[in-house]
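Some notes on the structure that comes next.
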Amino acid sequence: MTAVVVHGIGALCTCDPLLGEAPGVIPDAALVARDGVIVYAGPEAALDRSDVPRDALEVHARGAAVIPGFVDAHTHIVWLGDRGDEYAQRAGGATYAEIAASGGGIRATVRATAPGSVDELAAAGRERARRMLVNGTTTIEVKSGYGLEQEAEMRELDAAERLRQWQDLPEVVATYLPLHTTPDGPRDAYIDDVCTHGVAAAAKRATFVDAYCEAGAYTVAECARLFTAAAKHRLRPKIHAEQLSRTGGALLAAQAGAVSADHLEHATNTDLEALSKAGVVGVILPGASLVLGGPPPPGRRLIDAGCTVAVATDCNPGTCYSESMPLMISLAVALGGLTPAQALVAATAGGAAALGLADRGILRRGLRCDAVILETPSWVDVGYHLGGDIVASVILDGRLEVPSKA
Ligand SMILES: [Zn+2]
């Protein structure tokens, strides 16, 4: 048995909608977990000592705030190669389209990643996943998408499984993203292969299927075909939709019963209302919005449409090389129009909803104990302290996985 008790929490920020005004703060609180499950989350004064296992690890928050571990519901962290040169080219005035036309962009990552072994892919993903944990993230979604042929895609998913088995990394949920960039060979033959062999092989390795629905990538009809084929193997859809232009991907997400629709900068309010009606989570990726410089992430518009909102890093080598959820919270407020409380909930409970996980993202008795002890008494500092080092320590599945630096 492992047990942990956190005393002296100045503000326990539960993100629990049952506790009224977001983000559901309990002052002067304690948090107790046994075998990864929260057994107490409430006022310290009301803690019954018999609820604290005798051999529990005692941690003192010294008046700091405690929040749920971040759930980063959209990442592409299994890649090889380096595209720092493109970063400089874009700063010098080259457009994303020009770089792609000269062999850069996603294709450069595919060339570097597709030949990689599972060991190499997992080692590269491990470094990024560990940085995510140190920044307070306790669950990550990991997509394939840089293989462009089935065996390479499966090696990426096998690398994600390797990450899932490492106990000192955030928990991993794998997504099969076969329709990402387009193949050199016949397009229909590639999609045929994905819809027959690909989804069957991926079903043993992934929870979700995903597609990049965009001009220059895949059409609504092609994405719909993938989702229909994947449904036979119980792979639930997610979709990259309305990022660079409006193509109809959000409406497809609503029709197909997707768990989430991601990006959405070019979505209309009618699109967002359709997502809300269908119960599709809207995932904003404000780091990519910032780098690409288009319309802002539609955080407030999603809230106004009644959608559940998640915020994620989109960590990838082209449009957002960041492992930091606190930075994404800052950007969700600055660019996406969310309040600090809405942004924090979107990064925790919202992320969990975007992965269909009902057991985390909220600090409540009976749920999984993933929590972050902050450096500061104020949870607002997570977004307010732009680029600040605000994570003191991290509890992952009821274990103190990142001890305090103090
Ligand atoms: Zn993405």
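Taking my numbering, I'd label the letters of the sequence shown as residues 10 to 415. Beta carbons are placed, not taken as given, at the ideal position from N, Cα and C, and that holds for glycine. It should be emphasised that the depicted structure is a prediction, and the values quoted were computed from it without experimental measurement.
Host alpha helix (DSSP H) of residue i (start-end)
i: E282; result: N278 to A287
i: L340; result: M334 to A343
i: V208; result: V208 to A211
i: L172; result: Q159 to Q174
i: L353; result: P349 to A356
i: Y105; result: Y105 to A110
i: L260; result: G258 to A265
Coil, strand or helix - residue i by DSSP
i: I399; result: coil
i: A38; result: strand
i: T216; result: coil
i: V411; result: strand
i: T118; result: helix
i: T146; result: strand
i: I312; result: helix
i: Y393; result: helix
i: V127; result: helix
i: R245; result: strand
i: G291; result: strand
i: V203; result: helix
i: I47; result: strand
i: Y96; result: helix
i: V87; result: coil
i: V300; result: helix
i: S387; result: coil
i: P307; result: coil
i: L364; result: coil
i: D197; result: helix
i: R139; result: helix
i: A132; result: helix
i: P26; result: helix
i: R58; result: helix
i: G359; result: helix
Beta-carbon proximity list for residue i, same chain, < 6 Å, skipping 5 on both sides
i: P326; result: W88, R92 and T118
i: R173; result: V181
i: V381; result: I76, G78, G145, V400 and V403
i: G365; result: V268
i: A106; result: none
i: H275; result: E251, S254 and R255
i: S285; result: A314, G315 and C316
i: V203; result: P187
i: L347; result: G308 and A341
i: A287; result: A263
i: V15; result: L40, V68 and A70
i: S413; result: A401 and S402
i: F236; result: P246 and A265
Residue i - partner residues in DSSP beta bridges
i: H272; result: A250
i: A380; result: P77 and I404
i: V14; result: V41 and E67
i: P52; result: A38
i: L21; result: I35 and V75
i: Y221; result: H249
i: C329; result: N325
i: V151; result: A183
Contact set for residue i: own chain, Cβ-Cβ below 7 Å, skip 5 residues either direction
i: Y227; result: L188, A220 and Y221
i: M141; result: D81, I149, P179 and E332
i: V300; result: T328 and C329
i: A350; result: A31 and P32
i: R374; result: I47, V48, Y49 and A50
i: L260; result: D280 and A283
Endpoints, beta strand (DSSP E) assigned at residue i
i: Y185; result: E180 to L188
i: A238; result: A238 -> not in any beta strand (DSSP E); alpha helix (DSSP H) instead, spanning V229 to A240.
i: A319; result: V318 to V320
Sequence-distant residues of its chain with Cβ nearer than 8 Å to residue i (five each side left out)
i: R139; result: D177 and L178
i: M10; result: R43, D44, P62 and D64
i: A123; result: Y155, G156, L157, E158 and A161
i: I108; result: E95, Q98, R99 and G114
Cβ contact check for the region 12-28 and the region 60-72: 3 or more pairs under 8 Å: yes
Would you be able to state if there are at least three C-beta pairs under 8 Å between the region 42-53 and the region 324-341? no
Touch check for the region 354-364 and the region 304-324: three-plus C-beta pairs under 8 Å? Cβ pair count under 8 Å is three or more, so yes.
If we count Cβ pairs, one from each stretch, closer than 8 Å, do we get three or more for the region 292-311 versus the region 52-65? no
With a cut-off of 8 Å, do at least 3 Cβ pairs link the region 204-216 to the region 238-249? yes
Report yes or no: do three or more beta-carbon pairs, one from the region 119-130 and one from the region 159-175, lie closer than 8 Å? yes
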